[in-house]
Amino acid sequence: MNPLKSDEYPAVYTAYIETVVGDVMDNLAEQVLSFPAFLDSISEDMGDYTYAEGKWTIKEVLGHILDTERIMAYRALRFARNDMKELHGFDQENFVIYARHNERSIASFKAEFIFLRKANLAFFEHLSEAELDRRGMASERLLSVHALLYIIAGHLNHHRLILQERYLNTNTINDLVSELQH
1 MNPLKSDEYP
11 AVYTAYIETV
21 VGDVMDNLAE
31 QVLSFPAFLD
41 SISEDMGDYT
51 YAEGKWTIKE
61 VLGHILDTER
71 IMAYRALRFA
81 RNDMKELHGF
91 DQENFVIYAR
101 HNERSIASFK
111 AEFIFLRKAN
121 LAFFEHLSEA
131 ELDRRGMASE
141 RLLSVHALLY
151 IIAGHLNHHR
161 LILQERYLNT
171 NTINDLVSEL
181 QH
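Count the sequence shown with full-length UniProt numbering and you get residues 1 to 182, in order.
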């Protein structure tokens with residue numbers, strides 16, 4: 001696969017893309033193993049936890065990761081098939097509000113992620129360089145199929161880091177335990 005070029009994506013996705021080191025397909029495949037293992041480290045009791053007022057719960061973050069992967073993969077499919085119709089953006093806040101993520105278990109997100117990512121990998125692995133280079137408009141931004149693969153991998157990296165730093169760090173867990181004891 002050719003290296004990703006900066007003209008294949010808008011700057012708004014740079015933070016996600018920069019988290020992907022090495023081959024993007026290797027990253028996507030590795031995440032099939034490492035992200036479910038990470039989810040195994042989160043107790044079901046922690047699923048409804050949020051680190052601040054107005055922030056999503058852990059379960060809502062997990063649902064957001066899955067929703068976003070679906071949307072980005074759909075965009076990749078449309079662009080790879082040379083569909084030139086502009087695709088609208090999505091309101092991530094509304095997706096979370098109406099998804100009922102907090103009614104689910106962390107284990108269900110884990111299982112769904114594995115199925116979703118494996119299905120997406122099966123699609124991505126068969127894209128030609130020409131298909132990867134195709135571009136389309138989504139959310140009023142021009143981006144390539146190739147860039148969408150990086151965005152999918154990087155978006156997961158981004159939210160995993162947020163979960164680790166803001167939800168699951170030792171201080172956060174100690175605060176939660178203290179709160180539950182009172």
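Yeah, the Cβ is synthetic: ideal placement off N, Cα and C, and Gly gets one too.
What you are looking at is a predicted structure, and each value in this text was computed from that prediction instead of being measured.
Go ahead and pull the three-state DSSP assignment for residue i.
i    : result
S139 : coil
K59  : helix
D48  : coil
Y9   : coil
L161 : helix
E53  : coil
M72  : helix
L66  : helix
Taking the straight line between their C-alpha atoms, what separation do you get for residue i and residue j?
i    : j    : result
K118 : V32  : 7 Å
A153 : T50  : 24 Å
L77  : V145 : 8 Å
A52  : L148 : 31 Å
A37  : I106 : 12 Å
N27  : F124 : 13 Å
L163 : N102 : 16 Å
S128 : L143 : 17 Å
V21  : I58  : 26 Å
R166 : W56  : 11 Å
D48  : M25  : 32 Å
Counting along the chain, where does the alpha helix (DSSP H) carrying residue i start and finish?
i   : result
I17 : 14 to 17
D26 : 24 to 40
Does the ligand FMN have a heavy atom nearer than 7 Å to the CB of residue i?
i    : result
H126 : Of ligands this structure carries none, so the ligand FMN is not represented either.
Leaving aside the five residues before and after residue i along the sequence, list all residues of the same chain whose C-beta is less than 6 Å from its C-beta, in chain order.
i    : result
F79  : R134, G136, V145
P10  : R141
L132 : V145, H146
A138 : R75, L87
E60  : V96, H101
Y13  : I151
Spatial neighbours of residue i within its chain, please: C-beta separation below 8 Å, excluding the five flanking residues on both sides.
i    : result
D23  : M1
H155 : Y16, I65, T68, E69, M72
N82  : R134
E112 : L66
D40  : K110
H158 : A15, Y16, T19
G54  : none
Q92  : H64, D67, T68
In chain order, what residues of the same chain have a beta carbon less than 7 Å from the beta carbon of residue i, not counting five sequence neighbours either side?
i   : result
M84 : G136
M46 : I58
_Unbroken stretches of the alpha helix (DSSP H), 4 residues or longer, contained in the region 77 to 155_ = Restricted to the region 77 to 155, the alpha helix (DSSP H) segments that are unbroken, complete and at least 4 residues in length are 92 to 99, 106 to 124, 129 to 133, listed in chain order.
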